[in-house]
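Trainee: Those letters in the sequence shown? Residues 2 to 266, per this note's numbering, in order. Quick reminder that beta carbons are idealized off the backbone N, C-alpha and C, glycines included. Here it is: the structure, laid out below.
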Amino acid sequence: TLALHVVAEAQKEGGVAAYIDAEHALDVNYARSLGVKVEELLLSQPDTGEQALEIADILVRSGAVDVIVIDSVAALVPRAEIEGEMGDQFIGLQARLMSQALRKLTGTISKSRAIVIFINQIRHKIGVAFGNPETTPGGNALKFYASVRIDIRRIAPIKEGDTTVGHRTKVRVVKNKVAPPFKEAEFDIMYGRGISREGEILDLGMTLGLIEKAGTWYSYGDKRLGQGKENAKAFLRDNPEIMAEIEHRIREHFGLRDKDGDKPQ
Numbered sequence: 002t003l004a005l006h007v008v009a010e011a012q013k014e015g016g017v018a019a020y021i022d023a024e025h026a027l028d029v030n031y032a033r034s035l036g037v038k039v040e041e042l043l044l045s046q047p048d049t050g051e052q053a054l055e056i057a058d059i060l061v062r063s064g065a066v067d068v069i070v071i072d073s074v075a076a077l078v079p080r081a082e083i084e085g086e087m088g089d090q091f092i093g094l095q096a097r098l099m100s101q102a103l104r105k106l107t108g109t110i111s112k113s114r115a116i117v118i119f120i121n122q123i124r125h126k127i128g129v130a131f132g133n134p135e136t137t138p139g140g141n142a143l144k145f146y147a148s149v150r151i152d153i154r155r156i157a158p159i160k161e162g163d164t165t166v167g168h169r170t171k172v173r174v175v176k177n178k179v180a181p182p183f184k185e186a187e188f189d190i191m192y193g194r195g196i197s198r199e200g201e202i203l204d205l206g207m208t209l210g211l212i213e214k215a216g217t218w219y220s221y222g223d224k225r226l227g228q229g230k231e232n233a234k235a236f237l238r239d240n241p242e243i244m245a246e247i248e249h250r251i252r253e254h255f256g257l258r259d260k261d262g263d264k265p266q
């Protein structure tokens, strides 16, 4: 979801995005609902890990692509494994593939303006008594070469009545070569809609004291937004001018540009 939002924002700014779908699981309708211009998206569904990484290398070298998403590292299956029998052992093959590919890609990426996003999964090591048993597939090369590593976890479901309509998500920057690391953020991901902009505006508005919460009621100035967070989010969705006003004040506080490109005075 986060990677698709990055793609959508890049396209809004006139950039070109590519999605290398090694999992063969991209939901085009979901991507479209997040704002991705699917007709302009360069989509590839490679058969092997070597093919996927070669495509990424060619796209970066071309200089014509701004964002490349590789989904996912765990699905980058080496050619030898695909051509082998089901029970064959291929120890360390994927790690060697990633190490070799990243040695090539790193230099190419540094000379280009492209952002390459690798999506990965979490695995558990067997028999770890002390320390963190969690690890990621593909060896250590990606951890070493990455400029930014982000740990994304769902922390709580969001419900309307008995129906789960989304989940609260926590993001932690575990490595950052371009800014101080270990920053954290929380936001709502709604099923079928992606990251909730209204929820983020509510959270930031409360943090900055622009929105007040008394009991379960949310209010902005003399306007009551609703009882409960989901009702307040629905109010902001139905009243875009109020949402835009709060967003402008939030951006003004942080010295950020408005959506139309003007920096608040």
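(1) Can you have a look at E41 and say buried or exposed, based on whether 16 or more other CB atoms are within 10 angstroms of its CB?
(2) According to the Cβ coordinates, are Y219 and L226 closer than 7 angstroms?
(3) Around the Cβ of Y192, are there at least 16 other Cβ atoms within 10 angstroms (buried) or fewer (exposed)?
(4) Which residues does DSSP list as the beta-bridge partners of R80?
(5) Between T134 and H125, which are expected to be in contact by the criterion C-beta below 8 angstroms, what is the C-beta distance as a whole number of angstroms?
(6) May I have the straight-line CA-CA distance separating I71 from I118, to the nearest angstrom?
(7) Could you tell me the alpha carbon to alpha carbon distance between R252 and L98, rounded to whole angstroms?
(8) Around the C-beta of K230, are 16 or more other C-beta atoms found within 10 angstroms, so that it is buried, or is it exposed?
(9) Which same chain residues end up closer than 8 angstroms to N121 when comparing Cβ atoms and leaving out the 5 residues on each side of it in sequence?
(10) Assuming contact is defined by CB atoms lying nearer than 7 angstroms, are L237 and E199 in contact in what I supplied?
(11) Ordered along the chain, which non-local residues of its own chain (more than five positions away) have a Cβ less than 6 angstroms from that of R173?
(12) Expressed to the nearest angstrom, what Euclidean distance is found between the alpha-carbon atoms of V17 and I59?
(13) Which runs of the beta strand (DSSP E) fall wholly inside the stretch 213–245 and span at least 3 residues, in chain order?
(14) Which residues bound the alpha helix (DSSP H) around G206?
(15) From I196, Y221, F91, pick the residue whose C-alpha is nearest to that of G206; which is it?
(16) Just grab the DSSP bridge partners of K126 for me.
(17) For A9 versus V37, is the C-beta distance shorter than 7 angstroms?
(18) Where does M87 sit, in a helix, a strand or coil, going by DSSP?
(19) In the DSSP assignment, find the alpha helix (DSSP H) that holds R97 and state where it starts and stops.
(20) Can you list, in chain order, the residues of its chain whose CB lies under 8 angstroms from that of I159, leaving out five sequence neighbours each side?
(21) How many whole angstroms separate the CB atoms of H254 and L209, which I take to be in contact at a CB cut-off of 8 angstroms?
(22) Using the rule of at least 16 other Cβ atoms within 10 Å of the residue's Cβ for burial, across every protein chain shown, is S111 buried or exposed?
Mentor: To lay it out plainly:
(1) E41 comes out exposed.
(2) Yes.
(3) By the neighbour-count rule (16 or more Cβ atoms within 10 Å), Y192 is not buried but exposed.
(4) Answer is none; R80 lacks a bridge partner.
(5) According to the sequence as given, residue 134 is Pro; it is not Thr. Under the criterion of beta carbons closer than 8 angstroms, P134 and H125 qualify as touching, at roughly 5 angstroms.
(6) The alpha-carbon atoms of I71 and I118 are separated by roughly 6 angstroms.
(7) Cα to Cα, R252 sits roughly 43 angstroms from L98.
(8) Under this definition K230 is a buried residue.
(9) Contacts found: S73, V74, A75, T137, P138, G139, L143.
(10) The answer is yes: Cβ separation under 7 angstroms.
(11) Answer for R173: D152, E185, listed in chain order.
(12) If you draw a straight line from the Cα of V17 to the Cα of I59, it comes to about 14 angstroms.
(13) Counting only runs of at least 3 residues, the stretch 213–245 fully encloses the following beta strand (DSSP E) elements, listed from N- to C-terminal order: 213–215, 218–221, 224–228.
(14) Its alpha helix (DSSP H) spans residues 198–208.
(15) Distance check between G206 and each of I196, Y221, F91 places Y221 closest, using alpha-carbon atoms only.
(16) Residue pairing by DSSP places K126 in no beta bridge whatsoever.
(17) V37 sits close to A9, with the two beta carbons spaced by under 7 angstroms.
(18) Here DSSP, grouped into helix, strand and coil, assigns M87 to coil.
(19) Taken as a continuous stretch (DSSP letters only), the alpha helix (DSSP H) holding R97 covers 94–111.
(20) The beta carbon of I159 sits closer than 8 angstroms to those of T165, V166, G167, H168, R169, D189, M191, E231, all from its chain and outside the five residues before and after it, given in chain order.
(21) About 6 angstroms; that satisfies the 8 angstroms criterion.
(22) When all chains shown are included, S111 counts as exposed.
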